[in-house]
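In UniProt numbering, the protein residues as written are 1 to 291.
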């Protein structure tokens with residue numbers, strides 16, 4: 001089954017005529033994802049890699065019917081309008097790849113999405129991949145072999161490295177979700193844990209966190225208060241980061257006593273999570289349980 005994205009998911013790409021949109025549309029199509037259409041206002045009637053382009057999401061819905069997901073790859077200031085259009089047309093999953101989206105726009109979109117029952121992933125995410133089935137993101141597909149480990153991560157780069165290390169050890173993944181590196185995102189670790197728990201193809205879950213915010217602590221609270229049915233493994237990046245300095249992502253910053261790697265790791269460990277001190281140790285832990 002995997003989560004969020006299946007082999008038969010029908011998707012669109014908003015911003016498909018841009019350089020990045022067109023490039024990733026080709027890779028996503030080559031992976032086998034069912035791209036129904038692309039959307040760029042004013043470019044309706046064109047084609048990109050054989051994918052028809054429409055001016056609006058509404059036009060696509062009227063012609064193609066049900067859609068399962070949309071990927072948004074437009075400039076930061078255009079994200080809000082693109083996402084609102086997707087939400088108002090009842091697309092259940094919206095993946096915002098774009099970085100540098102204004103925080104206020106993300107907060108508005110998150111509230112609107114929750115009100116409408118829409119799953120918002122990102123912004124500033126690598127997207128979603130269910131290896132061997134479908135992908136809606138910008139990750140290097142060959143690094144993500146199919147298997148039975150679910151992964152959710154704040155970092156795209158660390159997702160790639162972890163997936164690669166698992167691959168070389170003979171491991172594979174059921175679904176990988178980049179939750180995004182911004183301080184405010186649409187979907188958090190705590191939102192994905194129940195989905196992985198219910199997925200029969202997922203036997204264990206990897207969580208890759210980092211300094212800043214309280215996403216890992218909230219996940220720890222959820223795991224501590226529930227009888228989670230599957231083993232969870234974690235790594236927290238930024239163990240030597242100095243306070244007050246942004247480390248890569250906008251959300252990766254320690255403020256006072258909040259957001260430190262050691263406190264996150266301690267909270268997760270207290271909740272029964274197996275916490276690694278490095279990505280190499282993380283993969284070793286997983287492979288020692290799932291050979």
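Backbone N, C-alpha and C define an ideal beta-carbon position, used for all residues, glycine too.
Is it true that the CB of residue 67 sits closer than 7 Å to the CB of residue 28? By 1-based counting over the chain shown, the position of residue 28 is 28. By 1-based counting over the chain shown, the position of residue 67 is 67. In this structure, residue 28 keeps its C-beta atom at 7 Å or more from the C-beta atom of residue 67.
Close Cβ partners of residue 149 (< 8 Å) along its chain, the five nearest in sequence each way excluded = Taking the first residue of the chain shown as 1, we reach residue 149 at position 149. Contacts found: 166, 171, 172, 173, 174, 202, 203, 204, 205, 206, 286 and 290.
Kindly examine the ligand PLP and report whether one of its heavy atoms sits closer than 6 Å to the Cβ of residue 10.
Ligands are entirely absent from the displayed structure, and the ligand PLP is therefore not among its contents.
What did DSSP end up calling residue 59 once you bin it into helix, strand or coil? Working through the chain shown from its first residue, we reach residue 59 at position 59. In the displayed model, residue 59 falls within a helix according to three-state DSSP.
Burial state of residue 103 (16 or more Cβ within 10 Å): Taking the chain shown and counting its residues from 1, one reaches residue 103 at position 103. Counting Cβ neighbours within 10 Å, residue 103 comes out exposed, since fewer than 16 surround it.
Q. Should residue 128 go down as buried or exposed, given a rule of 16 or more other Cβ atoms within 10 Å for buried?
A. In the chain shown, the residue the question calls residue 128 occupies position 128. The residue in question, residue 128, is buried, as its Cβ has 16 or more Cβ neighbours within 10 Å.
Practice problem: Assign residue 159 to one of two classes, buried (16 or more other C-beta atoms within 10 Å of its C-beta) or exposed (fewer than that). | Solution: Walking along the chain shown from the start, residue 159 turns up at place 159. With a 10 Å radius around the Cβ and a threshold of 16 neighbouring Cβ atoms, residue 159 comes out buried.
Enclosing alpha helix (DSSP H) for residue 23 [first to last residue]: Numbered from its first residue, the chain shown carries residue 23 at position 23. Annotation for residue 23: the continuous alpha helix (DSSP H) segment containing it runs 19-31.
Distance, Cα to Cα, residue 100 vs residue 81?
By 1-based counting over the chain shown, the position of residue 100 is 100. By 1-based counting over the chain shown, the position of residue 81 is 81. Here the alpha carbons of residue 81 and residue 100 stand approximately 15 Å from one another.
Review point. Can you tell which of 124, 123, 133 and 94 has the C-alpha that lies nearest to the C-alpha of residue 117?
Key: Position 117 of the chain shown, counted from the first residue, corresponds to residue 117. When each option's Cα is compared against that of residue 117, the closest is 94.
Q | Selected residue, minimal CA-CA separation from residue 227, among 217, 212, 237 and 193 | A | For the purposes of this step, residue 227 is identified with residue 227 of the chain shown, where counting begins at 1. Among 217, 212, 237 and 193, the Cα nearest to that of residue 227 belongs to 193.
Report task. With residue 160 as the anchor, note down where its alpha helix (DSSP H) starts and where it stops. Result -> Your numbering for residue 160 matches position 160 in the chain shown. From DSSP, the alpha helix (DSSP H) with residue 160 extends over 156-168.
Check your understanding: Bridge partners of residue 211, per DSSP?
Key -> In the chain shown, counting from the first residue as 1, residue 211 sits at position 211. The partner list for residue 211 (beta bridge, DSSP) is empty, contrary to what the question assumes.
Tell me the DSSP bridge mates of residue 135? As a first step, residue 135 is located in the chain shown; it is residue number 135 there, counting from the start. Answer by DSSP bridge pairing, in chain order: 129.
Can residue 61 and residue 53 be called in contact, C-beta distance under 7 Å?
Within the chain shown, residue 61 is the residue found at index 61, counting from 1. Within the chain shown, residue 53 is the residue found at index 53, counting from 1. The Cβ atoms of residue 61 and residue 53 lie no closer than 7 Å to each other.
(message) Just to check my reading of the structure: residue 195 and residue 273 have Cβ atoms closer than 8 Å, yes? What is that Cβ distance to the nearest angstrom?
(response) For this step, residue 195 is matched to residue 195 along the chain shown. For this step, residue 273 is matched to residue 273 along the chain shown. Their Cβ separation, rounded to whole angstroms, is 17 Å, which puts residue 195 and residue 273 out of contact at 8 Å.
Query raised in the report: Looking only at its own chain, which residues have a Cβ that is under 6 Å from the Cβ of residue 275, when we skip the five neighbours before and after it?
Result: Numbered from 1 along the chain shown, position 275 holds the residue referred to as residue 275. 234, 265, 268 and 269, listed in sequence order.
Assuming residue 130 and residue 6 are in contact, meaning their beta carbons sit under 8 Å apart, how far apart are those beta carbons, in whole angstroms? The residue you call residue 130 lines up with position 130 of the chain shown. The residue you call residue 6 lines up with position 6 of the chain shown. Cβ-Cβ separation between residue 130 and residue 6: approximately 7 Å, consistent with a contact (criterion under 8 Å).
Could you compute how far the alpha carbon of residue 221 sits from the alpha carbon of residue 55?
Within the chain shown, the letter at position 221 stands for residue 221. Within the chain shown, the letter at position 55 stands for residue 55. Computed Cα separation, rounded: 44 Å.
Please identify the residue among 237, 259, 230 and 189 whose C-alpha is closest to the C-alpha of residue 212. By 1-based counting over the chain shown, the position of residue 212 is 212. Minimum Cα distance to residue 212 is reached at 259.
| Do you know how far the Cα of residue 134 is from the Cα of residue 251? | As a first step, residue 251 is located in the chain shown; it is residue number 251 there, counting from the start. As a first step, residue 134 is located in the chain shown; it is residue number 134 there, counting from the start. Because residue 251 carries a pLDDT of 48, less than 50, the predicted location of this residue cannot be relied on, and the following value inherits that uncertainty. Computed Cα separation, rounded: 28 Å.
Return the first residue and the last residue of the alpha helix (DSSP H) that residue 4 is part of.
-> Within the chain shown, residue 4 is the residue found at index 4, counting from 1. Per DSSP, residue 4 belongs to no alpha helix (DSSP H) and is neither H nor E.
Task: Beta-carbon proximity check, residue 141 vs residue 31, cutoff 7 Å - done: Here residue 141 refers to the residue found at position 141 of the chain shown. Here residue 31 refers to the residue found at position 31 of the chain shown. Contact flag set, yes.
### Message
Going by DSSP in three states, residue 52 sits in which element: helix, strand or coil?
### Response
Counting from 1 along the chain shown, the entry for residue 52 is found at position 52. Residue 52: strand per DSSP, three-state reduction.
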